[in-house]
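To start, the structure under review is shown below, and the notes come after it.
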């Protein structure tokens, strides 16, 4: 039973990751902001997944343009999107290790049924 739960949880996580990658609703909304006025300081608020270049929202050309507001973004298909999980960088690895230890600590401290924190 425990192996089945883990397999099911892993499958669910993979399905959610695929759904997150294929979402296009935000892309369509942000494309409508193309050409609107913006400021570098408020790039994400003004342009969404586009970049602010010459005070106008436009498509990105390089990762550096997307990383002005948040270093976890990359330019993909001319829009700024959250970077993929792989290849992992140092902050991704640290967050994974931290989450592992927190979950391990929480599941051990619950007594009977403490594994419910993992489900």
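In this note's numbering, the protein residues as written are 6 to 124.
The beta carbon of each residue, even a glycine, is placed where N, CA and C say it ideally should be.
Buried versus exposed, by CB contacts within 10 Å (16 or more), residue i
{"i": "residue 78", "result": "buried"}
{"i": "residue 93", "result": "exposed"}
{"i": "residue 88", "result": "buried"}
{"i": "residue 53", "result": "buried"}
{"i": "residue 66", "result": "exposed"}
{"i": "residue 110", "result": "exposed"}
{"i": "residue 90", "result": "exposed"}
{"i": "residue 55", "result": "buried"}
Alpha helix (DSSP H) segment containing residue i, residue limits
{"i": "residue 49", "result": "48-52"}
{"i": "residue 85", "result": "First-last for residue 85: 84-87, but that is the beta strand (DSSP E), not the alpha helix (DSSP H)."}
Top-ranked residue by Cα proximity to residue i, from the options
{"i": "residue 48", "options": "12, 93, 75 and 19", "result": "75"}
{"i": "residue 85", "options": "97, 50 and 19", "result": "50"}
{"i": "residue 57", "options": "99, 43 and 95", "result": "43"}
{"i": "residue 59", "options": "40, 68 and 73", "result": "40"}
{"i": "residue 71", "options": "45, 90, 91 and 11", "result": "45"}
{"i": "residue 82", "options": "64, 98 and 95", "result": "64"}
{"i": "residue 62", "options": "73, 99, 37 and 14", "result": "37"}
As assigned by DSSP and simplified to three states, the class of residue i
{"i": "residue 73", "result": "coil"}
Start and end residues, beta strand (DSSP E) containing residue i
{"i": "residue 60", "result": "Where residue 60 is concerned, there is no enclosing beta strand (DSSP E), given that its DSSP letter is neither H nor E."}
{"i": "residue 78", "result": "78-81"}
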